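A quick write-up on the structure given underneath.
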Amino acid sequence: MAFVGRFALDGSAGLRPVAHRALRAFTSIVLVLAAFSTIAGAQSLQRLTVTQLTLTADTMTPHIEVPFHLIVTAHVRERISELDNLDLPILAELELLGDEHVLVTQRGGTTYRETITVVAHHSGAITIAPVTLDATNALNGKNYRYSSNSLTLHVLGPAAAIAAAGDAWQGLRSLLSALLRLALILAGLAGTILLVAVLIRRRPPPVPVVTLAPAVPVARDPRATLREALAALQRDHSRAGAMRARHVVRRMVGATDAETLADVLRRPLAGDRQLRDLLRALERAGFTYDADLPAALAAALTQLERMTR
Amino acid sequence: MNERTGPAIVTRALERTIVGQEGVIEGLLLGLLCNGHVLLEGPPGLAKTLACRSLADALHGEFKRIQFTPDLLPSDIVGTRIFDQRESAFTTVRGPIFANVVLADEINRAPAKVQSALLEAMQERQVTIGPQTHALPDPFIVMATMNPLDSEGTYALPVAQMDRFLIKIDVGYPSRAQELAILERYAIADAPILAPVATLEAVREWRTLAHNVHLDEALKRYIVELVIITREAQHPAIDFGASPRATLAIANLARAKALLEQRDYAVPDDVRGVAPLALRHRIGFNFRVSNEGGSTRVLEDLIARVPVP
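Chains as they are written, first to last, in the numbering used here: chain A, 1 to 309; chain B, 310 to 618.
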């Protein structure tokens, strides 16, 4: 497709009408053939594990009439000699100057890198559509259209004009900056002298230094926590009460909301056999069926009382 | 019910034949108790077929194995009608699907119409041969295997057909110690043929027991949250989340898991333990999943985000 486009662009300018018609007919045939090959390609896509498909530019703020590069990078796990069905976006607002690609096959797969040299003729924002790659996912055998990121470039005015304007502004800015630095140094000196004078006049008498003992961390007695859980269960002798008691005991052993009983029992604080039995009893009281609930609550209460004794 | 009379007796029997692979053994038992079908995915040589064969041996049931190949026809699975010249009438020849445990080896090697014939039988639990509809035996469990490494010449199962499987088990490599045990056990002798330890009637009873296991309201809400997070998490590696069929599957599997643990009520550990089995093949993972550490890691991450009741 790129070959056809370039041929038509370069060759049409100096041709006579007959040759021009012949060229158009040839172009149409090639386009039709290309369309058929696309359909055929869609039926038998490459089986790939695509891990990367990106579109980048070597500058996001190119200048008018200064060539720059768009870079398409794709990485696949497979070792391939060609990457089919890679569709580049239409670069309507840019002129295409050149296009080259390399395919590097290594142990970890194949990296495809295409460098497109372009130039902009107008300033302003340009959005380049994503690059797409049609392939069959080698992991699940399904056909996918992989899509890269899009790219928005801000084309600036001519580089020379910007540089000249930049030089004048730079000179003014450095003068202002030097003046400001001098003013700040003078103000700092004056402030320091004033502060020293004030301190000499009002110096307080020396205060004796008192060394305090290091603070002793206050650890909550586990029995107090268990008594709290026991009280919760005695107050509310129901499944909800059991769940509250379970919550208190789980917090005591440092369990988080994402942990199940199996996780909690693996915690070092839950190493005690009685505590493990209590956790299991509370789990049963929390989730057992209604007919078993009174027995489960009684078992949990017994465990709690045994541990708070 | 105890270890001698419950489903644990089958687990013990399978553990005598298969070294390690506790997850596979538990998955097969869960499938049996929930009356669901099991999909096993893993590289060759990891005792997938042996596990299925051993389960059939451990039950007083009929076992059939179908090796899926590209030239297989639906009639090779469900059966066909042939003309008997002596009787001058058509007689029905039943296919290998008429068994209690059917092993569909390398299911993704057969074309879609054959897969559909099997999956339709799995769903309907009956097949139609000519004008007659034949009910499949009860219990009827299909264990299908897939090899994720060879993707050439395979027909990936569509999402709708994957959904027919109650669980998908990812079969992993054994540890060093397990590999050594395999070497010592099977270097000379072949895997022994198990003596049946349970009747089909017992399996039906266990299924009823599993169905009656209590699932608390808090656990039902937990299950719903686990499924909904797969749809609402906006995870970059997920295209679509699990269906309500996953919710039902997790609930049934949690009940069966509780029964395997000899409890008549389910706890959060049961739900969290079975959730990956029911969700893995019902979530649409995209190509970014490999960057996120694989589907198992993504799933673990999502499950850890849901607070345990």
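Just so it is clear, CB atoms sit at the ideal spot from N, CA and C, and this is done for glycine as well. Remember, predicted model here, so these are calculated numbers, not experimental data.
Asked                                                                                                                    : Found
Interface flag, M252(A) vs chain B, CB-CB below 9 Å                                                                      : no
Whole-angstrom distance between N409(B) and R434(B), CA atom to CA atom                                                  : 11 Å
First through last residue of the alpha helix (DSSP H) which encompasses S552(B)                                         : Note, S552(B): premise wrong, no alpha helix (DSSP H); not H, not E.
Element boundaries [beta strand (DSSP E), containing V118(A)]                                                            : 109-120
Against chain B: residues of the region 237-262 of chain A by CB proximity under 7 Å                                     : D257, A258, E259, T260, L261, A262
D578(B) vs R564(B) beta-carbon contact at 9 Å                                                                            : no
Residues near V210(A) in its chain [Cβ-Cβ closer than 6 Å; skip 5 each side]                                             : Its pLDDT being 48, under 50, V210(A) is placed unreliably by the model, and the measurement read from it follows with that caveat. Taken in chain order, the list of residues that qualify is empty.
D272(A) at chain B interface by Cβ criterion, 9 Å                                                                        : no
Neighbour flag for R614(B) against chain A, beta carbons, 9 Å                                                            : yes
is_contact[G191(A), chain B] using C-beta, thresh 9 Å                                                                    : no
CB contact check: G108(A) to chain B, cutoff 9 Å                                                                         : no
C-beta neighbour in chain B for T73(A), strict 9 Å                                                                       : no
Straight-line Cα distance separating L359(B) from T326(B)                                                                : 8 Å
Minimum Cβ-Cβ distance from N456(B) to chain A less than 9 Å                                                             : no
Whole-angstrom distance between Y531(B) and N600(B), CA atom to CA atom                                                  : 28 Å
Contact with chain B by E283(A), beta-carbon distance below 9 Å                                                          : yes
Proximity to N456(B) [Cα-Cα], best of I116(A), N140(A), I128(A)                                                          : N140(A)
CA nearest to the CA of E228(A), picked from T61(A), T111(A), T308(A)                                                    : T308(A)
Backbone CA spacing between R113(A) and A92(A) [nearest angstrom]                                                        : 22 Å
Secondary structure of Y464(B), DSSP reduced to three states                                                             : coil
Residue-level contact to chain A via CB, T556(B), 9 Å cutoff                                                             : no
4-residue-minimum alpha helix (DSSP H) runs that sit fully inside the region 425-499 of chain B, ordered along the chain : 468-471, 485-495
Cross-strand partners of Y146(A) (DSSP beta bridge)                                                                      : L133(A)
Spatial neighbours of A42(A) in its chain, beta-carbon cut-off 6 Å, leaving aside the 5 residues before and after        : Reliability fails at A42(A), whose pLDDT of 44 lies under 50, so the model's placement of it is uncertain and the value that follows must be treated cautiously. Contacts found: none.
Any C-beta of chain A under 9 Å from that of P618(B)                                                                     : yes
Under 9 Å between C-beta atoms of N417(B) and L466(B)                                                                    : yes
Residue-level contact to chain A via CB, R325(B), 9 Å cutoff                                                             : no
Partners in chain A for A469(B), counting only beta-carbon separations shorter than 7 Å                                  : Simply none; closest approach about 13 Å.
Residue nearest to A546(B) in terms of C-alpha spacing, selected from G602(B), R597(B), I391(B), R614(B)                 : R597(B)
Chain A contact for S552(B) (CB, 9 Å cutoff)                                                                             : no
Cutoff 9 Å: H523(B) Cβ touching any chain A Cβ                                                                           : yes
Under 9 Å between C-beta atoms of R244(A) and L233(A)                                                                    : yes
Integer Cβ distance of P618(B) from L528(B), believed to fall under 8 Å                                                  : 6 Å
Within chain B, the residues that V50(A) reaches when beta carbons sit closer than 7 Å                                   : F596
Pick from Q394(B), G329(B), P316(B) that is closest to L489(B), judged by C-alpha positions                              : G329(B)
Proximal residues of chain A, C-beta to C-beta of Y531(B) below 7 Å                                                      : Here the premise fails: no neighbours, minimum Cβ distance about 10 Å.
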